[in-house]
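Undergrad: Numbering (full-length UniProt numbering), first residue to last: 1 to 567.
The structure follows.
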Amino acid sequence: MYNYILLKHQPSPSSSKEALSYLKTEESMELPPDVLTHLTESSYDIENPPARLAVWDFGGQSVYYNTHHTFLSSRAIYILAIDMSLALTDRLDDQWHGAEHFSGTILDFTHYWIDAIHTYAQQQNMSEDGVMFPRIIIACTHKDKYLENVPKEKHEEEINAYFDKLRQYIQQKRSGVHVDPRFFAIDNTCQDEDQEISDLRRYVMKIAESQKSWGEKNPIRWIRLEEDLQLRRAPEKRGKRWIRYEELQNLALKVGMQDAIELKSFLQFHHDIGDLMHFQTDDLSDTVILNPSWLIDAFRSIIAVDKHHVKAKGTPYWSALKRGILDERLLDELWGDDIELKPILIGVMVQFNILLQQDIKPGTTEKPISRQFYVPSLLQICKNPECGVGSEGTLFIQGKENFMPHVLFNRLTVKLVQNDTSTGRKGLRRRGDFFLIKNELYYDYAVYAIDPRRGARCALRKSTKSSCIELIPLYPSTTKFDRTIRGAYAKWKNHVSMQIQQVKQTVCPHLQLKWCVRDPRKPKIREELMAIDPKVTDHTACGLPEDSVYRLWFMPDSNEKVSHVNI
C-alpha cells in the first residue's frame, strides 16, 4: 500500500579513455586473461559501460524503521510509491503494529518518508536543476483504480489534479527539496507494459547518470577482488555470507592491493552501494558481510513477528517476542542451519540497538540457560503513563521543523541502560547513578530512578504523533528542591544530553535538536514552547523566573535557599 524502493548505482571502474591506456601497461597484465580480452577486444563500450543498479525494497512498515539508517545511502535514488486509489487524506494503519503505533494520512506518511531520507542521508548536494541529492521520485500506483470511473478524455486532467495537490503539500516541507518535480502514475495491470513504467525506468537511468558519483574512477584491480568475493557469496544455501577482515586482507594482497587505506576505500564504496557491509566499530570491524540481503532477512525474522514466526506460534518464546522480549532459544528455531552465525547476527543487532540484552538477576552466579533481549521496536505501548507531581516541569527535546523519528527515542532508551551491571538492588538495573525501573520500559515510555532514596524519578516519553521527546520529572509532593535533588536531576539532564547526541550522530547526524520548556510568558498556552540551552547552569539565564518549577533541572548556587515545590 505504501512503500519505498532504494536504487543504488555502481559505476564501472576506470570507465574512461585512461582505462584503455592503462590496460596496455605492465601492471594491467595481472588481470585475468578473459577480463583483459573482454575489455580490449569485445563489444564492451568502455566510454559508456553498462550500468548496474542494486534495488532494495525495505517496505514501509514501522517495524523496519530501526534498520533504515544502517542501509540508506546518499548515493541512492529513492522511489516513493503511493497508492493513488486512496485519497491523500485517507488514513493508513500500520499493518504490522496496528493503529496504536503508526496511523496517519497518505500525506502524513509522505512527509515522514521525505523527512527521514533527508535526515538519514550522510551527504547532501544540490543538482543543476535545483533538486537536492539524494533524489526522491514519486511513483503513484493503482492508476487503473483511480481512473476507474473517469472518462478517458479526463484522465490526464484528473492525474494532474492529484499530482498538483501532492506537489503543493510537499513543496511546503523543508525536505521537499529532495523530491523530483516529475511524478509518475503507474498501472501494472496492463497486458503490455504501461508506458509510464518504461518512462520511469529511463528516467531513473537519466538521474543516475547525472549524479556526481556516476562514472567515478576506481582502480581496475578492484575487479579481481570483486570477483573473488562474488565467488564466495554463492547463492547456494551454504554459500559464504561473511568473511573475516583478515581473509579479505589476504585476498586484497593477492590482487596487488597492499595499501590498507585503499582497502578501506574499497569497503566503504561497496558498503555505500549495497554490495557488502562492513561496520567500523570495535565489535564488528573484524566481520565483512558478503550478503547484505541475508542480514536484512535476519533482522526481519526478529522484528516482523507475525510474518515470520509461523513455526514458533504457540510457543512461550513467540508469545514473549510479541511483548518485545526475545529469548535466544527462539533464534535457534528461526535460523536453523544459520545457527553458527548467531553471534555475528546478534552482535550486529545489539550494536545498532535493535536488541538490548537483559541483565542477569542480582545475586545469580550460574550462567543462564539462554540470554534474553529487549526488542525496542516490538515493546508494548504504555497504556497508563504516570503523570503526577512534577509533570509541570517537563523538558522537551524537539526536532527541527517538528521532525523527530521514533527510532531516535527507541535508541535513546536503550542507550541509557546499555551495558548495565547489577548491583543487588531488587527490581533495578544500574548505569552509573541512574536506574531503569524494572517493567517500566515500553515502546513509547520509560521510567528511570534518579535518586531512589528520595523517590526521585524521570520518565521519557514520545508519542508516535509527537515531534518531541519529553523528560518528565516524577517525585513525591513533599520533595524539597535542595542541592541534592537538583544536582541529581541536573546530572541526569546532562547524561541524557550526552547520550542523545551520540545516538543522533549514529542514526541521523543531520537532525537538529533543541531543548525547550513551556513558555512562562504564555502560561495559558501549554503547547507554546521556549528554547533553552541545556548546558547553562543558571535557569534565570534561560529567561525562567527565579521560582520556576524548571529550576529542578539546574544546579543551585551554594547560597541559594532550600525551597519546596512551587507549581
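Idealized CB from N, CA, C, for every residue including glycine.
Please state if the CB of residue 271 and the CB of residue 173 are separated by a distance shorter than 7 Å.
TA: no
Undergrad: To the nearest angstrom, how far is the alpha carbon of residue 159 from that of residue 126?
TA: 28 Å
Undergrad: Does the region 212-228 come close enough to the region 247-265 that 3 or more CB-CB pairs lie under 8 Å?
TA: yes
Undergrad: With 16 other CB atoms within 10 Å as the buried threshold, where does residue 141 fall?
TA: Answer is buried; the Cβ neighbour count reaches 16.
Undergrad: For residue 170, which residues in the same chain have their Cβ closer than 6 Å to its Cβ, ignoring the five residues on either side in sequence?
TA: 176 and 179
Undergrad: Rounded to a whole number of angstroms, what is the C-alpha to C-alpha distance between residue 411 and residue 196?
TA: 40 Å
Undergrad: Which value, in whole angstroms, describes the spacing of the CA atoms of residue 29 and residue 221?
TA: Its pLDDT being 42, under 50, residue 29 is placed unreliably by the model, and nothing is read from it.
Undergrad: Is the beta carbon of residue 555 closer than 7 Å to that of residue 490?
TA: yes
Undergrad: With distances taken Cα to Cα, identify the nearest neighbour of residue 570 among 529, 452 and 386.
TA: The chain is shown from 1 up to 567; residue 570 falls before or after that span and cannot be answered.
Undergrad: Going by Cα to Cα distance, which pick from 512, 485 and 498 is closest to residue 550?
TA: 485
Undergrad: State yes or no: is the C-beta of residue 165 within less than 7 Å of the C-beta of residue 88?
TA: It is a contact, given that the beta carbons lie within the stated cut-off.
Undergrad: How far does the beta strand (DSSP E) with residue 538 in it reach, from first residue to last?
TA: Premise fails: residue 538 is in no beta strand (DSSP E) and is neither H nor E.
Undergrad: Ends of the alpha helix (DSSP H) at residue 90?
TA: Residue 90 -> no alpha helix (DSSP H), and no H or E assigned at all.
Undergrad: Would you mind sorting residue 264 into buried or exposed? The rule is 16 or more other CB atoms within 10 Å of its CB.
TA: exposed
Undergrad: Which residue marks the beginning of the alpha helix (DSSP H) containing residue 167, and which one marks its end?
TA: 155-171
Undergrad: How many angstroms separate the CA atom of residue 364 from the CA atom of residue 358?
TA: In this prediction, residue 364 has a pLDDT of 48, which is less than 50 and means its spatial position is unreliable; what the coordinates show is noted afterwards. Taking the straight line joining both Cα atoms gives about 13 Å.
Undergrad: Mapping DSSP to helix, strand and coil, what is residue 442?
TA: coil
Undergrad: Ignoring anything shorter than 3 residues, give me the beta strand (DSSP E) runs that lie fully in the region 323-359, in order along the chain.
TA: 325-327
Undergrad: Should residue 510 be labelled buried (16 or more other beta-carbon atoms within 10 Å of its own) or exposed?
TA: exposed
Undergrad: Helix, strand or coil, according to DSSP, for residue 556 in the structure here?
TA: coil
Undergrad: In whole angstroms, what is the alpha-carbon distance linking residue 333 and residue 275?
TA: Whole-angstrom Cα-Cα distance: 28 Å.
Undergrad: Alpha carbons only, please: which of 162, 219, 148 and 144 is nearest the one belonging to residue 191?
TA: 144
Undergrad: Given this structure, state the Cα-to-Cα distance separating residue 408 from residue 504, to the nearest angstrom.
TA: 7 Å
Undergrad: Exposed or buried, which one is residue 462 when buried takes at least 16 other CB atoms within 10 Å?
TA: buried
Undergrad: With DSSP run on the structure shown, which of helix, strand or coil describes residue 277?
TA: In the structure shown, residue 277 sits in a strand (DSSP, three-state: E or B).
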